[in-house]
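Trainee:
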Amino acid sequence: MEKLQILVTGANGLIGHKLCEKLLAIGHEIVALSRSKHPDLLKSMLGNTNFRLVTGDIRDVVFTKKLFRNNRFEAVFHMAVERYFPDPETAKIPDLRSLPAYQTNFEGTVNLLQNAAESGVRAWIQSSAMIVFDIEHLSDLPVSEKHTPQPVEPNGLSVFLAEEACTYFGRSKNLNYTILRYPGIFGIGKPRGIITNLREYFSTESGQMPSVATNRTGDFLSADDVVTANIFALNRLLASANPDPKSGWQRLFHIGSGREISPAEVARMMRKITGSEKPVIECESPNPRRFWFDISAARQLLNFEPTELETSLKLFINHSTISATEERQ
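FYI, the numbering for the sequence shown is 857 to 1185, going by the working numbering.
1. So Thr-960 and Glu-938 are supposed to be a Cβ contact under 8 Å. How far apart are they, rounded?
2. Could you tell me which of Arg-1155, Ser-1118, Lys-1134 sits nearest to Leu-1165, measuring between CA atoms?
3. Are Lys-893 and Thr-911 touching if we call contact CB-CB under 7 Å?
4. Among the residues of its own chain, which have a CB less than 6 Å from the CB of Leu-1108, if the five just before and after it don't count?
5. If you draw a straight line from the C-alpha of Ser-1168 to the C-alpha of Thr-1084, how long is it?
6. Can you confirm whether the segment 858-866 touches the segment 880-888 when touching is taken to mean that 3 or more C-beta pairs between the two stretches lie within less than 8 Å?
7. When you compare each of Pro-895, Ser-1132, Arg-1145, Leu-1090 to Phe-1160 by their alpha carbons, which one comes out closest?
8. Find the nearest neighbour of Ser-1014 within the set Ser-1067, Ser-995, Glu-858, Phe-989, judged by alpha-carbon distance.
9. Could you give the residue range of the alpha helix (DSSP H) that holds Glu-1019?
10. Trp-1105 and Pro-998 - do their beta-carbons sit closer together than 7 Å?
11. Could you tell me whether the segment 1004-1014 touches the segment 1066-1084, where touching means 3 or more Cβ pairs closer than 8 Å?
12. Helix, strand or coil: how does DSSP classify Ala-940 here?
13. Who pairs with Tyr-1033 in a beta bridge, going by DSSP?
14. Can you give me the C-alpha to C-alpha distance between Glu-1140 and Gly-1026, rounded to a whole angstrom?
15. Using only the alpha-carbon positions, how far apart do Leu-968 and Ala-936 sit?
16. Note down, in chain order, each residue of its chain lying with its Cβ closer than 8 Å to the Cβ of Glu-1183, except the 5 sequence neighbours on either side.
17. Could you name the residues of the same chain whose beta carbon sits closer than 8 Å to that of Gly-1116, not counting the 5 residues immediately before and after it, in chain order?
18. State the Cα-Cα distance for the pair Asn-927 and Phe-1088, rounded to the nearest angstrom.
19. By how many angstroms is the C-alpha of Arg-1155 removed from the C-alpha of Phe-924?
20. Just verifying my parser: in three-state terms, what is the DSSP assignment at Ala-1069?
21. In angstroms with no decimal places, state the Cα-to-Cα distance between Ile-1137 and Ala-1123.
22. Within a Cβ cutoff of 6 Å, which residues of the same chain sit near Arg-908, ignoring the five residues on either side of it in sequence?
23. Can you give the Cα-Cα distance for Glu-1019 and Trp-980, rounded to whole angstroms?
24. Consult DSSP for Leu-889 and reduce its assignment to one of helix, strand or coil.
25. Would you mind stating whether Pro-1010 and Leu-1054 have Cβ atoms separated by less than 7 Å?
26. Assuming Ala-931 and Leu-860 make a contact with CB atoms under 8 Å, what is their CB distance in whole Å?
27. At what residues does the alpha helix (DSSP H) containing Thr-865 begin and finish?
28. Quick check: is the beta carbon of Leu-1157 nearer than 7 Å to any beta carbon in chain D?
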């Protein structure tokens, strides 16, 4: 196996820390970029000689230039993302250029791409998300990569612009890239979300009784499956770039569970897994919706196959229980 020096941005995130663990297990040298000086999710790796933590902000042009100048990255997993949360008291449209989400997701991505292209990075894997679509008003389902993005809020716009920046550097600088779009992700380390909330409700004495919709569907995928997809993408990119780096592979893939499911169905599944007898409130939403990704391209070209949702939920619940027990000891 070829040992690579790999940069992982957003390394202290839900997916980033799991990806670092996997890449280390494979035998690569990891430079983990985080804004936090005390990244809790990376603590277990700090003593590994193949792991190095770098603290910095990708919005900083000088910092990103030094980062690439002082290293010889052969691959980059770009997972750093900033979320914008609107003020619930006002419907005022924000100045996009002043938002950290825009500055990080778009301008920060451009900073990284510029340096990656100039330094000869062999493989660039960029994380994206379903928020590039107006997911409340989709009719052509499941959503394939051919579906035109139509972001309706600042987060989706900034992430879509980051995708466009990536494809631009692919066209103009022959950057060898893959963009992976994700649906709703769950896993240890995510503090919010319907699956996290349901786990807390069914597995602990606390938690408020949830109300779950029967007529709104989504696509839920475990962080572990996302990591697997990223590893497959790296292997595919490296294979396509040999022996000529300019003959690389430039693709966008939807990575999902391959099925649609309502929150009500998820709740029933999790109640069965936990053996809980707690009730839930099933109701019809005044805003019905259907959403899930078409993952046929990822299945065919990346050999990606998602874990069955019930299996992923069992692992998530069991690992969460173990983690909670260890914290109390």
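Glycine included, every Cβ here is placed at the ideal spot set by N, Cα and C.
Mentor: Let's see:
1. 4 Å
2. Ser-1118
3. yes
4. Glu-1001, Ile-1035
5. 13 Å
6. yes
7. Leu-1090
8. Phe-989
9. 1010-1029
10. no
11. no
12. It should be pointed out that residue 940 corresponds to Tyr in this sequence rather than to Ala. In this structure, Tyr-940 counts as coil in the three-state DSSP scheme.
13. Trp-980
14. 45 Å
15. 11 Å
16. Because Glu-1183 sits at a pLDDT of 43, beneath the cut-off of 50, its placement in the model cannot be relied upon, and the point is left open.
17. Going by the sequence as given, residue 1116 is Glu instead of Gly. Hits under 8 Å: Leu-997, Pro-998, Thr-1073, Gly-1074, Asp-1075, Arg-1146, Phe-1147, Trp-1148.
18. 24 Å
19. 33 Å
20. strand
21. 10 Å
22. Val-887
23. 12 Å
24. strand
25. no
26. 5 Å
27. Unbroken run through Thr-865 is the beta strand (DSSP E), 861-865; no alpha helix (DSSP H).
28. Chain labels in this structure do not include chain D; a single protein chain is all it has.
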